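The opening position of the sequence shown corresponds to residue 675 in this note's numbering, with each subsequent residue numbered one higher. Every residue gets a Cβ at the ideal spot worked out from N, C-alpha and C, and that includes glycine. None of these values were measured; they are calculated from a predicted model. The structure appears below as structure tokens.
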Amino acid sequence: MSLPSSFMPMRWGFVFLACPVRMTEQHQNDLVRLAIQAYFDDEGERSFEWPECRGQLRVESDAISLGAFSGQRFSAEVHVPTGSGQVQFLVTEAQLKIAAGEVAEA
């Protein structure tokens, strides 16, 4: 199952909790799209390798809340030319539902 290439997460549909490495906005968006795909494909882990960015994404087993913002938690070990680090982020339930509609229509 894959999302249409035109799918772009809404800016308020995800939040990076920790991002100790410098990632381009495109790589951040690609990581969120990959996380949504892995979530719907029921994959616990998924590797990725893009120009100047590679790593391993994990769908964490829990949803968490951060104030009024709640969502599914994801983490990724990310390697970029300037360093490596553990990235953690949330994707809102609403954004996952929007993505589910996109997937169902594909």
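Check each candidate in P694, F748 and A742 and name the one with the smallest Cα separation from V754.
Numbered from its first residue, the sequence shown carries residue 754 at position 80. When P694, F748 and A742 are compared, the shortest CA-CA separation from V754 is found for P694.
Using a 10 Å radius around the Cβ and a threshold of 16 neighbouring Cβ atoms, would you call Q700 buried or exposed?
Working through the sequence shown from its first residue, we reach residue 700 at position 26. Exposed: under 16 other Cβ atoms inside 10 Å.
Per DSSP, R720 is paired with what?
Numbered from its first residue, the sequence shown carries residue 720 at position 46. L731.
Quick one: is L708 buried, meaning 16 or more other Cβ sit within 10 Å of its Cβ, or exposed?
Position 34 of the sequence shown, counting from 1, holds the residue named residue 708. L708 comes out buried.
In terms of residues, what are the limits of the beta strand (DSSP E) holding E699?
On the sequence shown, position 25 is the one that residue 699 refers to. Here E699 belongs to no beta strand (DSSP E); instead the alpha helix (DSSP H) covers E699 to F714.
Alpha carbon to alpha carbon, how far is M697 from A768?
Working through the sequence shown from its first residue, we reach residue 697 at position 23. Working through the sequence shown from its first residue, we reach residue 768 at position 94. When rounded, the distance between both Cα atoms is 25 angstroms.
Assuming the contact rule is C-beta atoms closer than 8 angstroms, L852 and L740 should be a hit. Round their C-beta distance to whole Å, please.
This structure cannot settle anything about residue 852, because the visible part of the chain is limited to 675 through 780.
Taking a contact to mean a Cβ-Cβ separation below 7 angstroms, would you say S721 touches Q711 in this structure?
Taking the sequence shown and counting its residues from 1, one reaches residue 721 at position 47. Taking the sequence shown and counting its residues from 1, one reaches residue 711 at position 37. For S721 and Q711, no; Cβs fall outside 7 angstroms.
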